[in-house]
Ligand code: ADE
């Protein structure tokens, strides 16, 4: 898989994409993530990429030309499955969408911008708009990092024990069961007996019951 992220603030994306599972997945060749500075596609001598909005509202708007040039350049190199725009007015990201996207080959993620981008880009070039939740971020970079993380960890091999992505919260619309590690008694706080029993079937049954109970109590909307 290849993910191309277009942004005016590439620095914000450096650290979230270069640690832990995302780093390993890139080193192992499971995914190539490329971050592109939109300013490199500006024809303006000061590398400007935004301008005042028509209509006189406050804030600056990303212009069509640099975005169009960046996307056109990438499309001249390969075919893309989706050109995603991160925005609070997009469809809300969930595990089902992350699963779908993890099966694709090439993705462009265009990071949203403080006051937005020229709407013509959204009308003509964007194939999917995604929000990471009903709150407003300063820009789309953190949303692009969240989206990339949610996708990449689902690529087979990205997580050492493949079971662990399958048993994540939400994979079957259930929250994950509680987990514990040694010691079994910490200051009198006990690990549930069943987990120490070695009885595999009973443990799986207990985990499922815990998942169901926690989902009903904490996220009844998922059921
Ligand atoms: N840009 C600003 N807020 C956002 C959000 N909630 N999701 C995705 N992109 C955003």
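Numbering (our numbering), first residue to last: 51 to 273. Glycine included, each C-beta is placed from N, C-alpha and C at the ideal position.
Legend entry - Rounded separation between residue 267 and residue 238 - CA only: 26 Å
Inset, instruction - Would you mind sorting residue 174 into buried or exposed? The rule is 16 or more other CB atoms within 10 Å of its CB. - result: exposed
Inset, instruction - Hey, could you find the ends of the alpha helix (DSSP H) residue 117 is sitting in? - result: 114–127
Legend entry - Closest residue to residue 202 among 246, 233 and 153 (Cα-Cα distance): 153
Legend entry - Sequence-distant residues of its chain with Cβ nearer than 7 Å to residue 245 (five each side left out): 230 and 253
Inset, instruction - For residue 166, collect the residues of the same chain with a Cβ closer than 6 Å to its Cβ; drop the 5 residues on either side in sequence, then sort them by chain order. - result: 111
Legend entry - Nearest-angstrom Cα separation, counted from residue 96 out to residue 222: 50 Å
Inset, instruction - Just grab the DSSP bridge partners of residue 157 for me. - result: 53 and 132
Inset, instruction - Answer yes or no: the CB of residue 130 versus the heavy atoms of the ligand ADE, is any distance below 7 Å? - result: no
Inset, instruction - Reducing DSSP to helix, strand and coil, say where residue 244 ends up. - result: helix
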